[in-house]
Amino acid sequence: MARVTAELGDTRGMIVDVRANEGGWDVVSLENAAWFAGDRSLAWTERRRDGLAHDDFTPWTSVFVDAARPGAYAGPVVLLTSGGTFSAGDTFVLAMRAAIA
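Next up, the structure:
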């Protein structure tokens, strides 16, 4: 991402297309969104399944996008998504919404 933001840093804007993105890892979604971030911001809150009963969940946890990195992209961003975007694709959308807000 450092190379991408360095090469595209002086553009008038960027379109990020994650349509039909079937996912990956949430941590990668957060790391990539940080390349577009300003301040550290709340991306989402979550509870994870933690037991056999239908109501066995962990306590709520807040997940943040880190503050901008040196060389982060500062121009306007349009994010394209679709109904075929899910799993870590969705968490990337949430993280980007927080990062570019």
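Residues in the sequence shown are numbered consecutively from 30, following our numbering. Using N, Cα and C, we set each Cβ at its ideal position, and we do this for glycine too. Computed from a predicted structure; not experimentally measured.
inquiry  = Rounded to whole angstroms, what is the Cα-Cα separation between residue 43 and residue 88?
reply    = 37 Å
query = At what residues does the beta strand (DSSP E) containing residue 120 begin and finish?
reply = Note, residue 120: premise wrong, no beta strand (DSSP E); alpha helix (DSSP H) at 117-128.
message = Measuring straight from C-alpha to C-alpha, what distance separates residue 31 and residue 49?
response = 24 Å
query = Going along the chain, which residues of its own chain have a beta-carbon closer than 8 Å to the beta-carbon of residue 101, five neighbours each way excluded?
reply = 34, 63, 64, 65, 66
task = Leaving out five residues on either side along the sequence, give the residues of the same chain with a beta carbon under 8 Å from the beta carbon of residue 130.
result = 70
query = Of the residues 86, 96, 112, which one's Cα is nearest the Cα of residue 59?
reply = 96
query = With a CB to CB cut of under 6 Å and the five nearest residues on each side skipped, what residues in its chain are close to residue 107?
reply = 44
inquiry  = Taking the beta carbon of residue 40 as the centre, do at least 16 other beta carbons fall within 10 Å, making it buried, or is it exposed?
reply    = exposed
ask   = Which residues share a DSSP beta bridge with residue 86?
value = 78
task = State yes or no: is the C-beta of residue 51 within less than 9 Å of the C-beta of residue 116?
result = yes
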